[in-house]
Amino acid sequence: MRTKLKQNIMRLLIILLIVLSFSTSFANYGIKLAEMPIIPKPFSVVSGKGSFKLSDKSEICLSTSNIEVNKIGAFLREKLRPATGFMLPVVESADQNGKNNIYLVLSQTNSVLGDEGYQLTIGASRIEILANKSAGLFNGVQTLRQLFSEKIESSTHQNDSWIIPAGVIRDFPEYSYRGFMLDVARHFFSVSDVKRYIDLASMYKMNVFHIHLSDDQGWRIEIKKWPELTATGGKSQVGGGTGGFYTQEQYRDIVKYAAARNVMVVPEIDLPGHTNAMLASYAHLNCDTKAKTLYTGTEVGFSAICTSKESTYTFIEDVFKEISEMTPGNYIHIGGDESHVTKLEDYIPFVNRMQGIVAKLGKHVIGWDEIALSDLKANSFVQYWGKAENAVLGVQKGAKVIMSPAMYAYLDMKYDSLTPFGLNWAGYLDVQKSYDWIPESIVPGIKRENILGVEAPIWTESISSMKNIEYMAFPRIVGIAEVGWCSASTRNWKEYKLRLAKQGKRLKVLGVNYYPSTQIAW
Ligand code: TNX
3 MRTKLKQNIM RLLIILLIVL SFSTSFANYG IKLAEMPIIP KPFSVVSGKG SFKLSDKSEI
63 CLSTSNIEVN KIGAFLREKL RPATGFMLPV VESADQNGKN NIYLVLSQTN SVLGDEGYQL
123 TIGASRIEIL ANKSAGLFNG VQTLRQLFSE KIESSTHQND SWIIPAGVIR DFPEYSYRGF
183 MLDVARHFFS VSDVKRYIDL ASMYKMNVFH IHLSDDQGWR IEIKKWPELT ATGGKSQVGG
243 GTGGFYTQEQ YRDIVKYAAA RNVMVVPEID LPGHTNAMLA SYAHLNCDTK AKTLYTGTEV
303 GFSAICTSKE STYTFIEDVF KEISEMTPGN YIHIGGDESH VTKLEDYIPF VNRMQGIVAK
363 LGKHVIGWDE IALSDLKANS FVQYWGKAEN AVLGVQKGAK VIMSPAMYAY LDMKYDSLTP
423 FGLNWAGYLD VQKSYDWIPE SIVPGIKREN ILGVEAPIWT ESISSMKNIE YMAFPRIVGI
483 AEVGWCSAST RNWKEYKLRL AKQGKRLKVL GVNYYPSTQI AW
């Protein structure tokens with residue numbers, strides 16, 4: 003009898019063990035909040051006792067009827083619903099007693115959190131994200147996603163216990179401008195490609211999408227007053243091919259999609275160089291009034307809009323006016339780079355006038371570092387990419403700088419000599435190098451207080467598909483997102499690369515074609 007009882011107990015124990023080892027809650031069991039591999043790393047994480055479990059009864063509760071907060075609630079639901087299969091209704095509710103709910107609370111009380119910070123509290127029966135502004139709630143939501151197992155990112159129903167360890171996260175960014183740029187001019191990318199890129203970058207709390215809309219090889223945005231820009235200039239790209247452009251409706255759709263992810267769109271019309279597509283579209287923009295032929299090569303620095311004609315400025319005013327009306331963000335990027343065939347004595351007054359035109363539209367200018375040669379207006383911003391003395395000159399003239407040093411932040415640089423596409427004029431850029439740099443230590447004379455933020459551009463002379471964009475951008479963009487979010491003193495490659503290895507699982511579930519660098523123990 004006794005041995006029978008023993009046998010039964012043994013059997014029960016074995017069954018229990020098998021059940022436990024099959025459930026993912028077992029795999030998660032014991033992981034503390036402070037050990038979660040969140041990217042970018044939050045400012046502070048304090049582990050608590052116990053855990054929260056999302057259930058089919060859970061609701062997303064909003065503290066206010068604010069439309070922005072409503073959108074964030076809906077965003078969270080859309081991100082959690084497919085994998086969990088839970089309805090997760092978004093409700094306006096002051097009732098804090100519901101079980102297993104997620105509360106999004108707007109409250110202007112925490113000055114440390116600023117505009118984009120949040121406090122995420124995970125208790126046994128509730129989660130609360132508290133922020134001063136909707137942007138902070140959105141960032142809290144992005145952190146929350148990373149606390150579930152990577153299965154949460156699946157678009158199909160998954161079995162998981164959806165358990166999160168308890169604790170409190172307080173978090174806010176180091177830099178207010180954390181950008182990523184896509185060159186849609188050298189190769190055109192569809193609206194859905196662009197949206198995917200925005201969605202992925204916003205997961206890591208990047209908040210500026212700079213879209214390079216014109217270059218020698220193509221013009222990509224519909225301008226009602228000047229239809230040949232797209233009818234002619236939109237029809238080419240590097241290597242031939244049909245090119246393409248966004249209608250105004252599509253552009254507005256991109257802006258709206260980005261805004262729902264706390265991402266501001268910064269449109270760039272590159273001037274006075276990089277202008278062959280417009281010079282092919284309208285003869286009068288050329289000083290000799292002869293239209294150029296479309297260009298499908300990859301040289302830079304050979305084209306120039308005619309800076310000595312008044313009609314050039316009328317044209318630019320019209321273009322910027324239409325773009326400005328579609329762009330709620332504060333900035334218009336005027337390019338200004340590599341204008342090798344515009345004489346300096348023409349370049350400076352031209353850039354001065356551009357700043358006047360943009361100011362009249364109520365926006366601020368951003369330009370590549372060469373624009374520091376002009377008389378910079380207050381509130382013009384210099385984007386450092388290549389020439390340190392330009393960036394320093396910009397700072398001396400009172401401008402703030404966006405740091406995009408090509409040797410650390412250009413996602414079109416090859417990882418190494420084996421990378422099948424990309425360029426290497428700024429050197430090879432492996433995953434460590436793209437993470438292991440400090441914005442305020444790059445250029446002597448440019449200090450922390452001179453820097454608005456960081457941006458990772460991807461130029462597309464040699465990149466023609468979204469799959470290949472992903473290969474070049476990921477995982478480096480994830481690291482640059484952390485460079486922008488975290489202060490240098492809190493970052494450390496050895497620790498980061500462990501978090502990145504785990505993040506790889508998430509990228510896999512999302513179908514991201516990331517480069518499996520051997521620097522990371524994936
Ligand atoms: C330099 S960066 C350029 C672009 C090229 C890029 C390629 C900058 C302001 N100008 O026109 O596409 O290098 O890496």
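Quick note on the numbering used here: the sequence shown kicks off at 3 and runs consecutively.
Even for Gly, the Cβ is constructed at its ideal location relative to N, Cα and C.
Since this is a predicted model, take the numbers as computed values, not measurements.
Exposed or buried, which one is residue i when buried takes at least 16 other CB atoms within 10 Å?
{"i": "Met183", "result": "buried"}
{"i": "Glu391", "result": "exposed"}
{"i": "Ala233", "result": "exposed"}
{"i": "Glu484", "result": "buried"}
{"i": "Ala285", "result": "exposed"}
{"i": "Gln385", "result": "buried"}
{"i": "Leu78", "result": "buried"}
{"i": "Gly358", "result": "exposed"}
{"i": "Pro175", "result": "buried"}
{"i": "Trp427", "result": "exposed"}
{"i": "Val93", "result": "exposed"}
{"i": "Lys135", "result": "buried"}
{"i": "Gly299", "result": "exposed"}
{"i": "Gly447", "result": "exposed"}
{"i": "Gln398", "result": "exposed"}
{"i": "His276", "result": "buried"}
{"i": "Asp97", "result": "exposed"}
{"i": "Met89", "result": "exposed"}
Can you tell me which of the three DSSP states residue i falls into?
{"i": "Ser95", "result": "coil"}
{"i": "Glu428", "result": "It should be pointed out that residue 428 corresponds to Ala in this sequence rather than to Glu. Residue state, collapsed to three classes: coil."}
{"i": "Val403", "result": "strand"}
{"i": "Ile165", "result": "strand"}
{"i": "Ser57", "result": "coil"}
{"i": "Asp117", "result": "coil"}
{"i": "Val71", "result": "helix"}
{"i": "Lys207", "result": "coil"}
{"i": "Leu122", "result": "strand"}
{"i": "Ile200", "result": "helix"}
{"i": "Glu301", "result": "coil"}
{"i": "Met328", "result": "helix"}
{"i": "Tyr517", "result": "coil"}
{"i": "Arg222", "result": "coil"}
{"i": "Ser216", "result": "strand"}
{"i": "Lys323", "result": "helix"}
{"i": "Ser127", "result": "coil"}
{"i": "Tyr315", "result": "helix"}
{"i": "Arg79", "result": "helix"}
Once the 5 residues before and after residue i are set aside, which same chain residues still bring their CB inside 6 Å of it?
{"i": "Lys469", "result": "Asn515"}
{"i": "Ala458", "result": "Phe182, Ala411, Leu413, Ile479, Ile482"}
{"i": "Asp348", "result": "Thr309"}
{"i": "Lys507", "result": "Glu152"}
{"i": "Asn354", "result": "Ser376, Asp377"}
{"i": "Lys197", "result": "Tyr259"}
{"i": "Trp439", "result": "Tyr410"}
{"i": "Thr462", "result": "Asp185, Arg188, His189"}
Contact defined as beta carbons within less than 8 Å: I believe residue i pairs with residue j. What is the distance between those atoms, to the nearest angstrom?
{"i": "Met280", "j": "Ser238", "result": "No, Met280 and Ser238 are not in contact; Cβ-Cβ is about 12 Å, not under 8 Å."}
{"i": "Ile33", "j": "Ala85", "result": "No, Ile33 and Ala85 are not in contact; Cβ-Cβ is about 19 Å, not under 8 Å."}
{"i": "Leu35", "j": "Val47", "result": "6 Å"}
{"i": "His342", "j": "Glu270", "result": "That belief does not hold up - the Cβ atoms of His342 and Glu270 are roughly 19 Å apart, past 8 Å."}
{"i": "Asn141", "j": "Lys81", "result": "Actually they are not in contact, since the Cβ atoms of Asn141 and Lys81 sit about 14 Å apart, beyond 8 Å."}
{"i": "Gly241", "j": "Arg222", "result": "Their Cβ separation, rounded to whole angstroms, is 16 Å, which puts Gly241 and Arg222 out of contact at 8 Å."}
{"i": "Val445", "j": "Ala393", "result": "5 Å"}
Apart from the five residues just before and just after residue i, which ones in its own chain have a Cβ nearer than 8 Å to its Cβ?
{"i": "Ile129", "result": "Phe54, Asn103, Ile104, Tyr105, Leu122, Thr123, Leu146, Ile166"}
{"i": "Leu363", "result": "Phe322, Lys323, Ser326, Ile334"}
{"i": "Lys59", "result": "Lys101, Asn102"}
Using a Cβ-Cβ cut-off of 7 Å (strictly less than) and excluding sequence neighbours within five positions of residue i, which residues of its own chain qualify?
{"i": "Glu472", "result": "Val514, Asn515, Tyr516"}
{"i": "Arg450", "result": "Glu442"}
{"i": "Thr66", "result": "Leu108"}
{"i": "Phe45", "result": "Arg172, Asp173, Phe174"}
Next item on the list: Scan the segment 248-299 and note each continuous alpha helix (DSSP H) run of 4 residues or more that stays entirely inside, going in chain order.
Entry: Whole alpha helix (DSSP H) segments, 4+ residues: 250-261, 278-283.
*Quick one, what's near the ligand NAP if you take every residue whose CB is closer than 6 Å to any heavy atom, in chain order?*
For the structure depicted, the ligand NAP is absent and the ligand set comprises only the ligand TNX.
In chain order, what are the residue ranges of uninterrupted beta strand (DSSP E) at least 3 long that sit wholly in the segment 439-511?
List check, beta strand (DSSP E) in window: 453-460.
Give the list of continuous alpha helix (DSSP H) stretches no shorter than 4 residues that lie fully inside the segment 356-416. Counting only runs of at least 4 residues, the segment 356-416 fully encloses the following alpha helix (DSSP H) elements, listed from N- to C-terminal order: 390-398, 408-411.
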